[in-house]
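Notes follow once the structure below has been shown.
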Amino acid sequence: MAHAPKADGSITRFINHHYRHFNAAALVDAAKGYHQHLNSGGKMMITLAGAMSTAELGLSLAEMIRQDKVHLISCTGANLEEDVFNLVAHDFYERVPHYRQLSPQDEEELLKRHMNRVTDTCIPEGEAMRRMETAMLEVWTAADQAGKRFFPHEFFYQVLLSGKYTEFYQIDPKDSWMLAAAEKNLPIIVPGWEDATLGNMYAAAVIRGDIKNVHTVRTGIEYMTWLAEFYTEASAKNSIGMFQIGGGIAGDFPICVVPMLHQDLQRNSVPLWGYFCQISDSTTSYGSYSGAVPNEKITWGKLGVETPKFIIESDATIVAPLIFAHVLGW
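Numbering (the working numbering), first residue to last: 348 to 677.
Here's what the structure looks like:
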């Protein structure tokens with residue numbers, strides 16, 4: 348399948364013409380490297396940290412999914428759920444552009460209104476979180492009672508594909524990356540899912556006794572064993588690249604599958620990652636994994652000397668949509 352960008356995309360033309368030096372040039376190099384990786388038959392994993400879903404990355408990521416520009420996603424539990432929160436409660440969100448001037452008392456007033464702030468954006472607890480808690484409890488308890496187990500993202504797929512909540516959609520469904528992923532049954536891994544709103548709600552359901560088997564939701568170790576088999580099989584046919592947005596567990600967890608396969612399972616024929624790019628505002632510092640330069644990963648057996656490596660030290664909410672636009676030929 349050809350992955351060449353459209354020649355007449357106005358955003359792509361602008362980027363190619365104006366972005367010539369420094370971080371801007373690194374952005375272009377990374378985008379062109381992404382094109383080259385796909386055009387050579389490679390597959391791409393995108394990892395999502397931070398609050399990229401609340402930043403509405405779905406506006407571009409959903410189209411990347413539909414056009415087969417991404418083949419696997421690793422994300423935090425927050426990113427998994429917050430795209431769906433926005434899907435069903437967008438009109439109830441509030442922007443707080445003056446958030447830097449908020450006093451502790453102002454913050455407490457937001458709490459009293461059940462508005463949970465992420466920088467300049469407040470997520471409404473009732474319309475977003477509690478609505479999805481109701482939806483997820485239905486599928487969690489049904490699986491628990493049937494003695495079945497699923498991964499966190501699979502439960503989301505069940506809810507989204509059931510159509511039961513379409514009446515609550517408050518954005519154009521094509522702008523939800525989770526809905527696009529569900530429709531394609533895109534593989535997702537969610538390391539540390541427990542550290543998310545719905546992870547807390549699941550724990551509460553276990554404590555209340557609504558869920559009898561705590562393992563009804565499959566675990567992070569099971570995600571890694573799944574990823575090991577996926578990577579072994581997929582990399583035998585195609586080089587797999589990694590496009591890391593932010594840092595943290597969303598990227599650190601899946602990149603380790605390669606040294607695990609080599610060092611712990613002696614599958615020495617499994618290739619290294621074939622492309623690596625990270626967008627991060629975590630500058631290189633003492634002991635920072637998120638801010639480490641890509642070459643450090645060579646010493647851990649994750650990347651090779653010849654692996655195309657890119658790092659863009661900038662705001663991912665600005666950079667990621669531009670790279671996706673370039674890859675899509677917009």
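All residues carry an ideal CB built from backbone N, CA and C; glycine is no exception.
The stretch 396 to 403 makes contact with the stretch 453 to 469; the number of CB pairs closer than 8 Å reaches 3 or more.
A distance of 8 Å or more separates the beta carbons of Y622 and V604.
Secondary structure at P606: helix, using DSSP grouped into helix, strand and coil. In this chain, the beta strand (DSSP E) harbouring L395 covers K390 to L395.
Annotation for G388: N585 place their beta carbon closer than 6 Å to its own, counting only its chain and skipping 5 residues before and after.
About 35 Å separates the beta carbon of S661 from that of D611, a gap too long to meet the 8 Å contact definition. Our two residues, W647 and A597, have alpha carbons roughly 17 Å apart in a direct line.
Look at the beta carbons and you see the stretch 430 to 438 touching the stretch 475 to 484: at least three pairs across the two are nearer than 8 Å.
In the same chain as H562, and ignoring 5 residues on each side of it, the C-beta atoms closer than 7 Å to its own belong to R496, in chain order.
Comparing alpha carbon positions, the residue from Y446, G676 and I659 closest to L374 is I659. Counting only the Cα atoms, K649 lies some 17 Å from S635. Residue burial annotation: H445 is exposed, with fewer than 16 other C-beta atoms found within 10 angstroms of its C-beta. Annotated three-state conformation of S421 is strand, per DSSP.
The three-state secondary structure of P641, taken from DSSP, is helix. If you look at I568, you'll find it isn't in any beta strand (DSSP E); it sits in the alpha helix (DSSP H) that goes G567 to S582.
Residue environment analysis places H368 among the exposed positions, since fewer than 16 neighbouring C-beta atoms fall within 10 angstroms of its C-beta. A contact is defined here as three or more CB-CB pairs under 8 Å, and the stretch 405 to 423 meets this definition with respect to the stretch 520 to 527. Counting only runs of at least 3 residues, the stretch 442 to 490 fully encloses the following beta strand (DSSP E) elements, listed from N- to C-terminal order: 462 to 465 and 468 to 471.
Restricting attention to alpha helix (DSSP H) runs no shorter than 4 residues, the stretch 494 to 564 encloses them at 499 to 509, 524 to 531 and 544 to 555, ordered along the chain. Closest in alpha carbon position to Q625, among V617, Q591, K416 and P668, is Q591. Ranked by Cα distance from I393, the options D376, H461, D415 and K644 are led by D415. Cβ-Cβ separation between L427 and F498: approximately 10 Å, too far for a contact (criterion under 8 Å).
The beta carbon of T544 lies closer than 7 Å to those of E428 and M476 in the same chain, with the five residues before and after it left out.
Taking C-beta atoms as the reference points, T359 and W677 count as a pair closer than 8 Å. Counting along the chain, K656 sits inside no alpha helix (DSSP H); it lies in the beta strand (DSSP E) bounded by residues K656 to I659. Inter-segment contact for the stretch 544 to 558 and the stretch 508 to 526 is absent: fewer than three beta-carbon pairs are separated by less than 8 Å. A Cβ-Cβ contact shorter than 8 Å links V506 with A482.
Residue pairing by DSSP places Q625 opposite Q591 and I658 in a beta bridge. Selection K379, H437 and A378 evaluated against G405 yields H437 as nearest (Cα-Cα). One alpha carbon belongs to P534, the other to Q452, and they sit about 43 Å apart.
T401 carries a coil assignment under DSSP once its states are collapsed to helix, strand and coil. Taking C-beta atoms as the reference points, D542 and G397 fail to come closer than 8 Å.
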